[in-house]
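So the sequence shown is numbered by the numbering used here: it starts at 246 and just counts up by one.
Built from N, CA and C at the ideal position, the CB exists for glycine as well.
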Amino acid sequence: VRRRPVLVALETSLANERISMTGSARVMRVMRAAVAAVLAVQAVQAALEEVLDEESCSGVCTPTPAKGHGFIQTAQNASLAVRGPSGLEKLKEEAVANYSSSTTYCYKSDNSSDCWSRKPASNAVVCTVDSGTSACRCSDAECRIDKLDSATPTTGRCAQKWVYVLGGGRSHTDNETSAYDIVGSGDEVFCKDMVKNDQWKARHLVRLPSDPPAADGAPYWLCWPPRKWRDGRCQRTTRYLGETCWTSNLGSGRCAGDGQSNSEYATSCYKGACTPYDWVGKRNTCGCTWLGWNFLIACTASNGTCGGHACMFSEGDGNYYCDYSTAANW
Numbered sequence: 246v247r248r249r250p251v252l253v254a255l256e257t258s259l260a261n262e263r264i265s266m267t268g269s270a271r272v273m274r275v276m277r278a279a280v281a282a283v284l285a286v287q288a289v290q291a292a293l294e295e296v297l298d299e300e301s302c303s304g305v306c307t308p309t310p311a312k313g314h315g316f317i318q319t320a321q322n323a324s325l326a327v328r329g330p331s332g333l334e335k336l337k338e339e340a341v342a343n344y345s346s347s348t349t350y351c352y353k354s355d356n357s358s359d360c361w362s363r364k365p366a367s368n369a370v371v372c373t374v375d376s377g378t379s380a381c382r383c384s385d386a387e388c389r390i391d392k393l394d395s396a397t398p399t400t401g402r403c404a405q406k407w408v409y410v411l412g413g414g415r416s417h418t419d420n421e422t423s424a425y426d427i428v429g430s431g432d433e434v435f436c437k438d439m440v441k442n443d444q445w446k447a448r449h450l451v452r453l454p455s456d457p458p459a460a461d462g463a464p465y466w467l468c469w470p471p472r473k474w475r476d477g478r479c480q481r482t483t484r485y486l487g488e489t490c491w492t493s494n495l496g497s498g499r500c501a502g503d504g505q506s507n508s509e510y511a512t513s514c515y516k517g518a519c520t521p522y523d524w525v526g527k528r529n530t531c532g533c534t535w536l537g538w539n540f541l542i543a544c545t546a547s548n549g550t551c552g553g554h555a556c557m558f559s560e561g562d563g564n565y566y567c568d569y570s571t572a573a574n575w
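Laid out in structure tokens, this is it:
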């Protein structure tokens with residue numbers, strides 16, 4: 246019912262475009278505009294739900310290799326900045342302007358750059374949530390700090406990560422895409438801008454003592470909204486960080502804060518659990534379901550693969566991937 250005005254607006258827009266536009270390239274432009282409209286409406290809905298305290302109040306990392314073992318990391322262009330597979334990157338460029346992160350790779354044998362001369366000391370202080378812009382050493386490849394179990398739930402997000410590759414260099418260059426691989430014996434990871442986020446509790450994205458449990462002992466016939474019967478238990482439909490989440494036509498368990506991709510406190514239903522959006526790793530591949538939304542470059546994922554998030558077409562490799570930055574109402 247909530248989607249009907251959106252669909253009417255989209256149908257009108259598409260009808261007007263068909264009168265003046267033909268050809269596959271123009272159709273793609275129409276579909277991009279349609280998806281942009283959907284995302285805009287969803288963003289407004291998410292904002293309203295947060296104000297009303299309703300249901301929605303919701304980089305690829307380099308694995309650290311074992312010592313003495315080789316590793317290979319695919320990167321692109323001289324800057325080696327990591328990019329995700331979402332086909333809506335350009336559409337959401339403005340929305341995520343205030344939320345950015347980068348990973349830069351530097352290897353000693355690169356004669357075209359002096360980045361190695363700026364490498365922090367190997368014994369640099371280990372990163373904390375208060376490191377700020379002081380260069381610090383990451384304790385793992387993800388370089389994220391999890392203090393959600395503390396009295397004031399806090400996380401640390403590295404906005405500028407530098408990976409210094411030990412030995413090796415560049416190989417297997419693809420002339421068509423400018424992509425190449427980096428081969429080395431190991432790496433050292435440093436953060437030059439650690440963002441501290443300590444408002445998870447204030448924004449009610451974690452479960453508070455006053456909240457009901459994630460699941461209670463009510464029988465099926467007494468499991469009324471805002472709860473839902475799932476996996477043999479009566480479960481709360483608003484889910485918080487660390488709790489399970491799901492999508493279903495019979496009632497979804499959505500993460501508080503989902504769909505707010507331009508926020509430091511955005512969350513996603515990733516691998517069946519409510520997770521800070523920045524912690525989302527590899528985007529799962531997905532396919533479009535016969536039932537649900539389908540805008541050619543964005544659709545409802547089949548079999549609940551994306552946890553309610555949109556399944557997006559990637560212009561890079563022609564595949565579909567879960568876009569965990571979208572609201573979990575697809």
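Do you know whose CA, among the options, lies nearest residue i's CA?
{"i": "Arg402", "options": "Ser358, Thr489, Gly496 and Ser508", "result": "Ser508"}
{"i": "His554", "options": "Cys468, Asp562 and Cys567", "result": "Cys567"}
{"i": "Ser346", "options": "Arg382, Lys446, Thr483 and Tyr522", "result": "Tyr522"}
{"i": "Cys372", "options": "Ala463, Trp361 and Ala386", "result": "Ala386"}
{"i": "Ser589", "options": "Asp432, Glu560, Glu488 and Ser547", "result": "Outside the modelled stretch of the chain, which goes from 246 to 575, sits residue 589, for which no answer is possible."}
{"i": "Ala404", "options": "Thr397, Ala396, Ser395 and Cys388", "result": "Cys388"}
{"i": "Asn368", "options": "Trp361, Arg382, Cys479 and Gln505", "result": "Arg382"}
{"i": "Leu453", "options": "Ala396, Asp359 and Ser493", "result": "Ala396"}
Thinking C-beta only, is residue j closer than 8 Å to residue i?
{"i": "Asn442", "j": "Tyr510", "result": "yes"}
{"i": "Tyr350", "j": "Val440", "result": "no"}
{"i": "Gly552", "j": "Gly517", "result": "yes"}
{"i": "Ala459", "j": "Arg481", "result": "yes"}
{"i": "Val451", "j": "Leu393", "result": "yes"}
Report all residues from its chain with a CB closer than 6 Å to the CB of residue i; omit the five preceding and five following residues, and keep chain order.
{"i": "Pro365", "result": "Ala380 and Phe435"}
{"i": "Thr545", "result": "Thr534, Gly537, Trp538 and Trp575"}
{"i": "Arg484", "result": "Cys490, Gly498, Cys500 and Cys519"}
{"i": "Glu256", "result": "No answer about Glu256 holds up, because its pLDDT of 42 lies below 50 and its placement is not dependable."}
{"i": "Asp355", "result": "none"}
{"i": "Ser547", "result": "Gly532 and Thr534"}
{"i": "Val374", "result": "Ile390, Thr399, Gly401 and Lys441"}
{"i": "Glu488", "result": "Ala459 and Cys519"}
{"i": "Val370", "result": "Cys381"}
{"i": "Ser358", "result": "none"}
From residue i to residue j, what distance separates their C-alpha atoms?
{"i": "Lys437", "j": "Thr399", "result": "19 Å"}
{"i": "Asn529", "j": "Gly549", "result": "11 Å"}
{"i": "Arg390", "j": "His449", "result": "For the record, residue 390 in the displayed sequence is Ile; it is not Arg. Whole-angstrom Cα-Cα distance: 20 Å."}
{"i": "Leu467", "j": "Pro457", "result": "16 Å"}
{"i": "Tyr465", "j": "Pro471", "result": "14 Å"}
{"i": "Leu411", "j": "Val525", "result": "27 Å"}
{"i": "Arg247", "j": "Ser455", "result": "Interpretation of Arg247 is limited by its pLDDT of 37, a score under 50 that renders its predicted location unreliable; the figure taken from the coordinates is listed afterwards. Between Arg247 and Ser455, the C-alpha separation is close to 29 Å."}
{"i": "Leu486", "j": "Ser493", "result": "19 Å"}
{"i": "Trp361", "j": "Gln505", "result": "37 Å"}
{"i": "Glu560", "j": "Tyr352", "result": "29 Å"}
{"i": "Thr203", "j": "Arg363", "result": "Within the shown structure, residues of the chain are numbered from 246 to 575, placing residue 203 beyond reach of any answer."}
{"i": "Ala463", "j": "Lys527", "result": "37 Å"}
Assuming residue i contacts residue j (C-beta within less than 8 Å), just tell me the rounded distance between them.
{"i": "Cys556", "j": "Tyr569", "result": "In fact, because the Cβ distance is near 11 Å, the residues do not count as touching under 8 Å."}
Excluding the 5 residues preceding and the 5 following residue i in the sequence, name in chain order all residues of the same chain whose CB lies nearer than 7 Å to its CB.
{"i": "Gly563", "result": "none"}
{"i": "Glu376", "result": "Strictly speaking, residue 376 in this sequence is Ser, with Glu absent from that position. Closer than 7 Å at the Cβ level, and outside the excluded window around Ser376, lie Cys436 and Met439."}
{"i": "Asp461", "result": "Cys479"}
{"i": "Trp474", "result": "Tyr465 and Cys468"}
{"i": "Gln444", "result": "Tyr510"}
{"i": "Glu299", "result": "With a pLDDT of only 34 at Glu299, under the threshold of 50, the placement of this residue in the model should not be trusted; the figure read from the coordinates follows. Taken in chain order, the list of residues that qualify is empty."}
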